[in-house]
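Everything below concerns the one structure shown next.
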Amino acid sequence: MQLYNSLTHEKEEFVPVEAGKVSMYTCGPTVYHFAHIGNLRTYIMEDVLEKYLRYSGYDVKRVMNITDVGHLTSDADTGEDKMLKGAKREHKTVMQIAKFYTDAFFKDCKKLNIKTPDVVEPATNCIDEFIKMISELLEKGYAYIAGGNVYFDTSKLEKYYVFNDHDEEDLAVGVREGVGEDKNKRNKCDFVLWFTKSKFEDQELKWDSPWGVGYPGWHIECSCIARKHLGERLDIHCGGIDNAFPHHTNEIAQSEAAFGHKWCNFWFHVHHLNTESGKMSKSKGEFLTVSLLEERGFDPLAYRFFCLQSHYRKNLVFSWENLENASVAYKRIISKVAALHKDGDTDADVCRALEKEFCDALDNDLNTSLAITALYDVLKADTNDSTKLYLIDRFDSVLSLGIMEAAEKLREGGAENTADAELVRYIEKMIEARRAAKAEKNYQEADRIRAELAEKGIILTDTKNGTEYTIKH
Ligand code: AMP
Ligand code: ZN
3 MQLYNSLTHE
13 KEEFVPVEAG
23 KVSMYTCGPT
33 VYHFAHIGNL
43 RTYIMEDVLE
53 KYLRYSGYDV
63 KRVMNITDVG
73 HLTSDADTGE
83 DKMLKGAKRE
93 HKTVMQIAKF
103 YTDAFFKDCK
113 KLNIKTPDVV
123 EPATNCIDEF
133 IKMISELLEK
143 GYAYIAGGNV
153 YFDTSKLEKY
163 YVFNDHDEED
173 LAVGVREGVG
183 EDKNKRNKCD
193 FVLWFTKSKF
203 EDQELKWDSP
213 WGVGYPGWHI
223 ECSCIARKHL
233 GERLDIHCGG
243 IDNAFPHHTN
253 EIAQSEAAFG
263 HKWCNFWFHV
273 HHLNTESGKM
283 SKSKGEFLTV
293 SLLEERGFDP
303 LAYRFFCLQS
313 HYRKNLVFSW
323 ENLENASVAY
333 KRIISKVAAL
343 HKDGDTDADV
353 CRALEKEFCD
363 ALDNDLNTSL
373 AITALYDVLK
383 ADTNDSTKLY
393 LIDRFDSVLS
403 LGIMEAAEKL
413 REGGAENTAD
423 AELVRYIEKM
433 IEARRAAKAE
443 KNYQEADRIR
453 AELAEKGIIL
463 TDTKNGTEYT
473 IKH
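If you use the working numbering, the sequence shown corresponds to residues 3 to 475, in order.
Encoded structure:
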């Protein structure tokens, strides 16, 4: 598999440290609020990566942290603790907030068919591990104490900006954005490993440490949780692109300083989901959540389909119209699958060819959009239904669009499903008639069919995957 590595800025052949095994670490959510669908885009794409590695035969161990302490309102460790901010907002304790939003996160993941990682570890469980690594960094001269806090000394590193997409200028902007520069820092990119004093004295959760009662910085938690469960060498570390700097840069700095060797080989960063007006944010009042999608009548899996239609290394723009289009295409796949019935043996040659198409797509830096084209190609293939059903089931073990379950439901047919299915069947029939008319060069008839559908608010578009349609409400 070729995977883009943010560290080298190149697609590389994925080779794990230990043959057949993959250690994979994922930055988990900061549980001070609901996840927005941008956060969930990142988890969806990471889920596909994990599932595809398993599909390819690897024994994957995936670990994720839950950030329930230490993440400040600015990633450059200034500002209020996000958890404390959430607790104040809802007049609850930090632990109540953490529990509520951790549960909410996993409920969202379940709706999106995102598998729970093998290990999920809240940061507040690992204070001893943080203290151990911070002590090692102090002993080795990579950390210093100033103003009651312990800082990582970035000047001790040969190279700090490992991802190369940030420089001092960028960081200076980051600092200006925050609450104010920390005068204790020897170098402006130094970061806090352990706080005993911050501008915000009322931090609720505190622990004893060799440096006084306090709490850990955000970055140290991921290095330590990864070490606790995956050892000192990682194959893949994942996160959203905004995590690359400063969070992942700092994780690499402290892990490699503590271990004395390279820590992680592949860095997998998912680019952002943006709204038409720009960056998606939780601080801008109402934000987009899975519940909001459901309130608007969307199946969360239609959102997963929407995400898979584009490449993880491209920014993706969310709009209700874009989601509607994805939702119609998704329903169409389900209705096509619902029309299939087991009818004999699978055709081994067809399976081989189409599985190759599917794997070629995902082997090429997880090209999920082409993997979906492979799914369409199964539906279009000149083969029996059993073969199609077998392949769709296989592909969906990676894509996790719940196609077989949804198709089964449709076959069983509730009233609502039947109405949907009837409409889809009608549109399919018209699209097929239009295709046949075009094949016979009867363009008048083809145009008439297009116009008949348009009158009913059904708009056709010809794409590389055949004719698609959208329904205007
Ligand atoms: P947080 O809960 O803020 O720690 O973020 C959880 C994950 O979502 C991290 O991996 C972030 O990098 C990622 N993330 C944040 N905003 C977006 C976005 N707009 N699109 C995609 N991923 C995001
Ligand atoms: Zn992290």
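We put the beta carbon where it would ideally sit given N, CA and C, even for glycine.
Note that the structure is a prediction, hence the values are computed from the model and not measured.
Inset, instruction - Would you tell me roughly how many angstroms separate the C-alpha atoms of Asp449 and Leu275, rounded to the nearest one? - result: The count along the sequence shown starts at 1 and reaches residue 449 at position 447. The count along the sequence shown starts at 1 and reaches residue 275 at position 273. Using only the alpha carbons, I get a separation of about 37 Å.
Legend entry - Unbroken stretches of the beta strand (DSSP E), 3 residues or longer, contained in the region 228 to 273: 236 to 242, 266 to 272
Inset, instruction - Tell me whether Ala246 is buried or exposed, calling it buried when 16 or more other Cβ atoms sit within 10 Å of its Cβ. - result: For this step, residue 246 is matched to residue 244 along the sequence shown. When all chains shown are included, Ala246 counts as buried.
Legend entry - Nearest residue (CA-CA) to Pro248, options His263, Phe108, His221, Ile227: As a first step, residue 248 must be located in the sequence shown, where it is residue number 246. Residue His221 is the option with its Cα nearest to Pro248.
Legend entry - Alpha carbon of Glu323 to alpha carbon of Tyr332, nearest angstrom: In the sequence shown, residue 323 corresponds to position 321, counting from 1. In the sequence shown, residue 332 corresponds to position 330, counting from 1. C-alpha separation (whole angstroms): 14 Å.
Legend entry - For Trp322, three-class secondary structure by DSSP: Residue numbering aside, residue 322 sits at position 320 when the sequence shown is read from its first letter. If DSSP states are grouped into helix, strand and coil, Trp322 belongs with the helices.
Inset, instruction - Please name the residue or residues paired with Glu92 in a DSSP beta bridge. - result: As a working mapping, residue 92 is identified with position 90 in the sequence shown. Partner(s): none; Glu92 has no beta bridge.
Inset, instruction - Note down, in chain order, each residue of its chain lying with its Cβ closer than 6 Å to the Cβ of Val292, except the 5 sequence neighbours on either side. - result: Counting from one through the sequence shown, the residue named residue 292 turns up at place 290. The answer, listed in chain order, is Asp110, Lys113, Pro302.
Legend entry - From Pro124, Glu92, Gly233, Lys466, residue whose alpha carbon lies closest to that of Val19: Here residue 19 corresponds to residue number 17 of the sequence shown, with the count starting at 1. Answer by Cα proximity: Gly233.
Inset, instruction - Just the C-alpha distance for Gly180 and Lys158, rounded to the nearest angstrom, thanks. - result: For the purposes of this step, residue 180 is identified with residue 178 of the sequence shown, where counting begins at 1. For the purposes of this step, residue 158 is identified with residue 156 of the sequence shown, where counting begins at 1. Annotation note: pLDDT 38 at Gly180 (below 50); position unreliable, no value reported.
Inset, instruction - Using a threshold of 7 Å, state whether the C-beta atoms of Trp209 and Ile116 are closer than that. - result: Against the sequence shown, residue 209 aligns to sequence position 207. Against the sequence shown, residue 116 aligns to sequence position 114. Not a contact, by the Cβ cut-off of 7 Å.
Inset, instruction - Using the Cα positions of Asn386 and Lys344, report the straight-line distance between them to the nearest angstrom. - result: In the sequence shown, counting from the first residue as 1, residue 386 sits at position 384. In the sequence shown, counting from the first residue as 1, residue 344 sits at position 342. Approximately 8 Å between the Cα atoms of the pair.
Inset, instruction - Measure the Cβ-Cβ separation of Ser329 and Phe289 and say whether it is below 7 Å. - result: What you label residue 329 is simply residue 327 of the sequence shown in a count that begins at 1. What you label residue 289 is simply residue 287 of the sequence shown in a count that begins at 1. Not a contact, by the Cβ cut-off of 7 Å.
Legend entry - Asp61 in three-state terms, based on DSSP: Numbered from its first residue, the sequence shown carries residue 61 at position 59. Reduced to three states, the DSSP call for Asp61 is strand.
Inset, instruction - Can you give me the start and stop residues for the alpha helix (DSSP H) that Met3 sits inside? - result: Locating residue 3 in the sequence shown gives position 1, counting from the first residue. First-last for Met3: undefined, no H or E at that position.
Inset, instruction - Give me the Cβ distance between Val65 and His231, rounded to the nearest whole Å; I'm assuming they're in contact under 8 Å. - result: Within the sequence shown, residue 65 is the residue found at index 63, counting from 1. Within the sequence shown, residue 231 is the residue found at index 229, counting from 1. Going by Cβ atoms, the distance from Val65 to His231 rounds to 5 Å, so yes, they are a contact pair.
Inset, instruction - Name the two residues that bound the continuous beta strand (DSSP E) containing Ile461. - result: For the purposes of this step, residue 461 is taken as residue 459 along the sequence shown, with counting starting at 1. Taken as a continuous stretch (DSSP letters only), the beta strand (DSSP E) holding Ile461 covers 460 to 465.
Inset, instruction - Could you tell me whether the Cβ atoms of Ile133 and Leu195 are closer together than 7 Å? - result: Numbered from 1 along the sequence shown, position 131 holds the residue referred to as residue 133. Numbered from 1 along the sequence shown, position 193 holds the residue referred to as residue 195. Cβ atoms of Ile133 and Leu195: not closer than 7 Å.
Inset, instruction - Go through its chain and collect everything with a Cβ distance to Phe270's Cβ below 6 Å, but skip five positions before and after it. - result: Taking the first residue of the sequence shown as position 1, residue 270 is located at position 268. Excluding positions up to five away in sequence, the list reads Ile238, Cys240.
Inset, instruction - Using only alpha-carbon positions, find the residue among Glu357, Cys226, Arg315, Ser8 that is nearest to Leu139. - result: Counted from its first residue, the sequence shown places residue 139 at position 137. Nearest C-alpha to Leu139: Cys226.
Inset, instruction - Give the range of the alpha helix (DSSP H) segment to which Tyr471 is assigned. - result: The residue you call residue 471 lines up with position 469 of the sequence shown. Not the alpha helix (DSSP H): Tyr471 falls in the beta strand (DSSP E), residues 468 to 473.
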